[in-house]
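Notes to accompany the following structure.
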Amino acid sequence: MLSGAPLLSSSVHAAPPQVRTQAPGFHRMMLGDFEVTVLSDGTVPQTVSQVATGTTPGRVKELLSRDHLEDPVELSINAFLINTGTALVLVDTGVGSFFGPGVGGQLQQSLQAAGYRPEQIDVVLLTHIHSDHSGGLMSKVSRAFPNAILRVHAREAGFWLGRDDRAKGPVDPKYFEEARAMVGPYQDAGKLKAFGDGDAIVPGIRAMPTPGHTPGHSAYVVESRGARLVLWGDLMHFGSVQLREPSVTVAYDVDERAAAAQRARAFTEAAKRGDLIGLAHMPFPGLGRLSAEGKGYRWIPLNYSSGQRWEGTKARAE
131 MLSGAPLLSS SVHAAPPQVR TQAPGFHRMM LGDFEVTVLS DGTVPQTVSQ
181 VATGTTPGRV KELLSRDHLE DPVELSINAF LINTGTALVL VDTGVGSFFG
231 PGVGGQLQQS LQAAGYRPEQ IDVVLLTHIH SDHSGGLMSK VSRAFPNAIL
281 RVHAREAGFW LGRDDRAKGP VDPKYFEEAR AMVGPYQDAG KLKAFGDGDA
331 IVPGIRAMPT PGHTPGHSAY VVESRGARLV LWGDLMHFGS VQLREPSVTV
381 AYDVDERAAA AQRARAFTEA AKRGDLIGLA HMPFPGLGRL SAEGKGYRWI
431 PLNYSSGQRW EGTKARAE
């Protein structure tokens, strides 16, 4: 600064206030001829060292620290909207209001910011019926997606919506109550349609059974013009831990051994095939690929595109 330059008075411009909010979250890409939009429902804090099982709190904290994380960790809640050109399909609905104010509950805002309305949704697919995936099905006392058919695996529906809860093992009763509160109105309206292993949902989207986290947990394979995306749901919760040690499970698993086995198979196949993966709880937008690294795996986030070039297309910027 020149010694003769006038100094501005601090009173000329007031300091702008901090905003301290995030923008409504959506991320869009093309998969062949399909438009895929990831919708953020926000985040939820998780004390990973308390809910991770098959390991120790000390080991979890060590693995988190390698990625400069510490408990509690903010986990993303991601949902996936697929426009096939003939059907508008939403995979998972976020938590809605179940976790209280300030935790999740942003899916409807993100959906509208992305240019869509809830009444346009043709099909809602649930990877499973835990409340952070099904909580957005209802808007107060009304179905949030009034024109949608709700699809869920038959085993999942039977487990959570059946009446004999006592035969289902040591599962917190609140999960059954939440499932009935969220899914029940669709069932009562004749809008619930169960599917089986490997069933096609709409052309280009099929279910892939991955039971363990819940009895009817399902992944979804989305394919268009040779491009492939696999939506994993809750096959992985904590990337910093489970990528390095896939055997680590989570207290929310109904069958921990089966959940770990499904994850091991999915990791091996994804790394071998190079599939694009969509995850519910990896940092938004939760899209990436796996690469084998030592005894574990490395997550490679999908490279961001402004839209001139899309995943799986031959479009180019002029």
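Last residue of the sequence shown: 448 (the working numbering), numbering continuous. Yeah, the Cβ is synthetic: ideal placement off N, Cα and C, and Gly gets one too. From a predicted model like this one, the values you see are computed outputs, not experimental measurements.
- Query: Thinking C-beta only, is Gly155 closer than 8 Å to Ser170?
  - Reply: For Ser170 and Gly155, yes; Cβs fall inside 8 Å.
- Message: Using the three-state DSSP reduction, which class does Phe289 fall into: helix, strand or coil?
- Response: Annotated three-state conformation of Phe289 is helix, per DSSP.
- Query: Hey, out of Asp201, Gln152, Thr214 and Arg158, whose CA is closest to Gln176's CA?
  - Reply: With distances taken between Cα atoms, Gln176 lies closest to Asp201.
- Item | DSSP three-state assignment for Val367, whether helix, strand or coil | The sequence given here places His at residue 367; Val does not occur at that position. Correct three-state label for His367: coil.
- Count the other C-beta atoms from every protein chain shown that fall within 10 angstroms of the C-beta of Arg247, then say buried if there are 16 or more, exposed otherwise. Exposed.
- Message: With three or more beta-carbon pairs closer than 8 Å as the criterion, would you say the region 193–210 touches the region 386–398?
- Response: When Cβ pairs closer than 8 Å are counted between the two stretches, the region 193–210 is seen not to touch the region 386–398, the count staying below three.
- Limits of the unbroken alpha helix (DSSP H) element including Gln180: First-last of the alpha helix (DSSP H) with Gln180: Val178 to Val181.
- Between the beta-carbon of Met268 and the beta-carbon of Met312, is there less than 8 Å? Going by C-beta atoms, Met268 is nearer than 8 Å to Met312.
- Message: Within a Cβ cutoff of 6 Å, which residues of the same chain sit near Asp327, ignoring the five residues on either side of it in sequence?
- Response: Once the five neighbours on either side are set aside, the close Cβ partners of Asp327 are Pro339.
- Say whether the region 419–430 touches the region 399–408, bearing in mind that this needs 3 or more beta-carbon pairs closer than 8 Å, one atom from each stretch. With the cut-off at 8 Å, the region 419–430 and the region 399–408 touch.
- Message: I'd like the list of long-range same chain contacts for Leu237, defined as Cβ closer than 7 Å, with 5 residues on each side in sequence excluded.
- Response: Same-chain partners within the cutoff: Leu169, Asp171, Ala209, Thr223, Gly224 and Gly266.
- Query: Candidates Gly408, His367 and Gly426: which alpha carbon is nearest Val178's?
  - Reply: A check of alpha carbon separations from Val178 across Gly408, His367 and Gly426 identifies His367 as the nearest.
- With hydrogens ignored, establish whether the beta-carbon of Arg247 is closer than 7 Å to any heavy atom of the ligand FAD. Although the ligand FAD was asked about, the structure shown includes no ligands whatsoever.
- Task: Decide if the region 315–324 is in contact with the region 368–380; the criterion is three or more beta carbon pairs, one per stretch, under 8 Å apart.
- Result: Judged by Cβ distances under 8 Å, the region 315–324 makes no contact with the region 368–380, as fewer than three pairs qualify.
- Item | Host beta strand (DSSP E) of Phe210 (start-end) | Here the beta strand (DSSP E) through Phe210 covers Val203 to Asn213.
- Message: Can you list, in chain order, the residues of its chain with a C-beta nearer than 8 Å to that of Val149? Leave out the 5 residues immediately preceding and following it.
- Response: Only residues of its own chain outside the window of five on either side were considered, and among them none has a CB closer than 8 Å to the CB of Val149.
- Message: Let's see if you can read the secondary structure: which residues bound the alpha helix (DSSP H) around Gly188?
- Response: Here the alpha helix (DSSP H) through Gly188 covers Pro187 to Arg196.
- Over what stretch of residues does the beta strand (DSSP E) that includes Phe325 continue unbroken? Segment Leu322 to Phe325, the beta strand (DSSP E) holding Phe325.
- Per DSSP, Met159 is paired with what? Looking at the DSSP assignment, Met159 forms a beta bridge with Val166.
- Message: For His263, report the span of its alpha helix (DSSP H) as first-last.
- Response: Judged by DSSP secondary structure, His263 falls within the alpha helix (DSSP H) whose first and last residues are Ser261 to Ser264.
- Query: Going by other Cβ atoms of all chains shown within 10 Å of its Cβ, with 16 needed for buried, is Ile430 buried or exposed?
  - Reply: Flag for Ile430 reads exposed.
- Query: In the structure shown, what three-state DSSP assignment does Val313 receive?
  - Reply: In the structure shown, Val313 sits in a helix (DSSP, three-state: H, G or I).
- Which first and last residues belong to the beta strand (DSSP E) in which Ala422 is found? Leu417 to Glu423 is the extent of the beta strand (DSSP E) around Ala422.
- Task: With Ser240 as the anchor, note down where its alpha helix (DSSP H) starts and where it stops.
- Result: Per DSSP, Ser240 belongs to the alpha helix (DSSP H) from Leu237 to Ala243.
- Item | Meets three-Cβ-pair contact criterion under 8 Å: the region 348–367 and the region 298–309 | The region 348–367 makes no contact with the region 298–309: fewer than 3 CB pairs, one atom from each, lie closer than 8 Å.
- What are the residues that DSSP puts in a beta bridge with Trp429? According to DSSP, residue pairing for Trp429 in a beta bridge involves Leu420.
- Message: Assuming contact is defined by CB atoms lying nearer than 8 Å, are Ile251 and Leu220 in contact in what I supplied?
- Response: It is a contact, given that the beta carbons lie within the stated cut-off.
- In its own chain, which residues sit with a C-beta less than 6 Å from the C-beta of Glu448, not counting the 5 before and 5 after it? Since pLDDT at Glu448 reaches only 29, below the 50 mark, its modelled position is unreliable, and no value is offered.
- Message: Measuring straight from C-alpha to C-alpha, what distance separates Arg158 and Thr167?
- Response: Their backbone Cα atoms lie some 4 Å apart in a straight line.
- Message: So, for Leu449: in the same chain, excluding its five sequence neighbours on each side, which residues have a beta-carbon less than 6 Å away from its beta-carbon?
- Response: There is no way to answer for residue 449, as the model of the chain reaches only from 131 to 448.
- Task: Would you kindly work out how many angstroms separate the C-alpha atoms of Arg310 and Leu291, rounded to a whole number?
- Result: Taking C-alpha positions only, Arg310 is separated from Leu291 by approximately 6 Å.
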